[in-house]
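**Student:**
In structure tokens:
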């Protein structure tokens, strides 16, 4: 259902973003893969030789105010416009109690996870309006929405803020035929989760399914929200968390 659509994916060099690139490419989408690491983006593209002509890469940092404008321009120059965006890039940041947190650490996490979403919308929405329709998905989190975890104040605040931004954008641009949704993954096997088996076991225990998600499982949820299969879904905070939100035991 993404065939022929141009989709921008941030955080596309690994994890959920790379899984989304593989999935969306297989569905016939044109892709702009964006992330900080040029070499990793090239690796993702090279792993999809059958889709090479439908993929361009754009290296940059979502915290850079110019990133969003330039990544949208890359989509327009490569494919003539932008139909959808999976704004997936994010960071965990330094963990610790608020009294010990520095302002620089707070600002870094909020800028990367939330301010970048504001900038994304600022430039992606006009491009989608020019196409007559569009769909935006922000990667939020169960952290800060259904649960508070110690040491994660900045991350939780930023990810919760994405849900509020999602709701307002959905209201503002529903008549433009632009849908905006937030996706709330549970614990997922990505670089951010590290590779400590004991930590993975702990995280798995927080979920009803008693396991962590594979990146492609979250990518499939993003595909649904971005595609016409979710044509009447907007302003939602879609939980894809293996039952984490309902698991208290």
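Residue numbers (this note's numbering): 22 to 270. Just so you know, even glycine gets a beta-carbon here, dropped at the ideal spot from N, CA and C. Here the structure is a predicted model, which is why all the values come from computation and not from measurement.
1) Residue 162: which of 206, 265, 69 sits nearest, CA to CA?
2) Leaving out five residues before and five after residue 251 in sequence, what residues of the same chain have Cβ atoms less than 6 Å from its Cβ?
3) Kindly indicate the opening and closing residues of the beta strand (DSSP E) around residue 201.
4) Between which two residues does the beta strand (DSSP E) containing residue 134 stretch?
5) What separation, rounded to the nearest whole angstrom, lies between the Cα atoms of residue 170 and residue 101?
6) Can you round the beta-carbon distance between residue 180 and residue 164 to whole angstroms, since I take them to be within the 8 Å contact cut?
7) Does the distance from the C-beta atom of residue 77 to that of residue 99 stay below 8 Å?
8) Kindly indicate which residue of 131, 213, 191, 82 has the alpha-carbon position closest to the one of residue 253.
9) By a C-beta neighbour count over all protein chains shown, 10 Å radius and 16 as the cutoff for buried, is residue 147 buried or exposed?
10) Restricting to Cα atoms, I'd like to know which of 224, 261, 28 is closest to residue 239.
11) Cα separation between residue 84 and residue 70?
12) Can you name, in chain order, every residue of its own chain whose Cβ lies under 7 Å from the Cβ of residue 62, other than the five neighbours on each side?
13) Output the distance between the C-alpha atoms of residue 218 and residue 185, rounded to the nearest integer angstrom.
14) With 16 other CB atoms within 10 Å as the buried threshold, where does residue 104 fall?
15) Since I believe residue 176 is in contact with residue 134 (beta carbons under 8 Å), could you give me their beta-carbon distance rounded to a whole number of angstroms?
16) So the alpha helix (DSSP H) residue 44 belongs to, where does it begin and stop?
17) I want to know whether the region 84-94 touches the region 118-138 - three or more CB-CB distances under 8 Å.
18) On the CB-based measure, 16 or more other CB atoms within 10 Å of its CB, does residue 189 come out buried or exposed?
19) Helix, strand or coil for residue 109 per DSSP?
20) Tell me the residue span of the alpha helix (DSSP H) that contains residue 164.
21) Measure the Cβ-Cβ separation of residue 208 and residue 229 and say whether it is below 8 Å.
22) If we count the other Cβ atoms within 10 Å of its Cβ and call it buried at 16 or more, is residue 231 buried or exposed?
23) Assuming residue 187 is part of the beta strand (DSSP E), what are its boundary residues?
24) Return the CA-CA distance between residue 215 and residue 27, expressed in angstroms with no decimal places.
**Tutor:** Straight from the coordinates:
1) 206
2) 245
3) 199-206
4) Run containing residue 134: none; DSSP gives neither H nor E here.
5) 43 Å
6) 6 Å
7) yes
8) 191
9) exposed
10) 261
11) 30 Å
12) 33, 34, 54, 56, 78, 80
13) 34 Å
14) buried
15) 7 Å
16) 36-47
17) yes
18) exposed
19) coil
20) Taken as a continuous stretch (DSSP letters only), residue 164 belongs to no alpha helix (DSSP H), as it is neither H nor E.
21) no
22) exposed
23) From DSSP, residue 187 is part of no beta strand (DSSP E) but of the alpha helix (DSSP H) over 174-194.
24) 31 Å
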